[in-house]
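**Q** The structure is given below, and queries will be raised subsequently.
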């Protein structure tokens, strides 16, 4: 008797499996957020540095040793970093430390998070007299903001993004949290 029911059981299991597979192809019921911990953000930022920039061939700027600060109250991130400016003509090197904060923009084509609206909050320069420090404090912040705007800060792992795209989801918002960054996903517009 048990053998007579085996084909029915197999058919029922096959139908159940087919229904489950069809359900998988339906609307996304998985997480609509990707959370990046503070440590993963710090590690990603560390990989993006040092940043080297030429200043019209007159000097070479190097930004290094970034330390991350999360600013959830303003939905921004902050960085403290060392800088080195090497003059091309005489080889003189200036060093210092700076603190800046910035907003975030997701670049869907590249799958990266970029720095935007960079604001230099503090700029210290070693071995400069008062006149030189005033000059640096006045000219450097807008220049540094411009140089760092668009800088890749973090590369989102491709696997969760691919899964989200397969389900018709895309990044809608980036939210800085006290302990990391939340990437909010939502349905992609039809079309």
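In this note's numbering, the protein residues as written are 1 to 191.
Virtual Cβ for every residue (Gly too), placed ideally from N, Cα, C.
Because the structure is a prediction, the values reported are computed rather than measured.
1) Tell whether a beta-carbon distance below 8 Å holds between residue 104 and residue 116.
2) What three-state label does DSSP hand residue 22 in the structure shown?
3) Please go through the same chain and pick out, in chain order, the residues whose beta-carbon is closer than 6 Å to the beta-carbon of residue 164, but skip the five residues on each side of it.
4) Exposed or buried, which one is residue 66 when buried takes at least 16 other CB atoms within 10 Å?
5) Looking only at C-alpha atoms, which of 106, 124, 43 and 139 sits nearest to residue 150?
6) Among 176, 177 and 162, which one has its Cα closest to the Cα of residue 170?
7) Distance check for residue 91 and residue 177, CA to CA, integer angstroms please.
**A** Let me lay it out:
1) yes
2) Residue confidence for residue 22 is low, a pLDDT of 34 falling below 50, so the modelled location carries little weight and cannot support an answer.
3) When the five nearest sequence neighbours on each side are left out, the beta carbons in the same chain lying within less than 6 Å of the beta carbon of residue 164 are those of 185, in order along the chain.
4) buried
5) With respect to the C-alpha of residue 150, the residue from 106, 124, 43 and 139 having the closest C-alpha is 106.
6) 162
7) 43 Å
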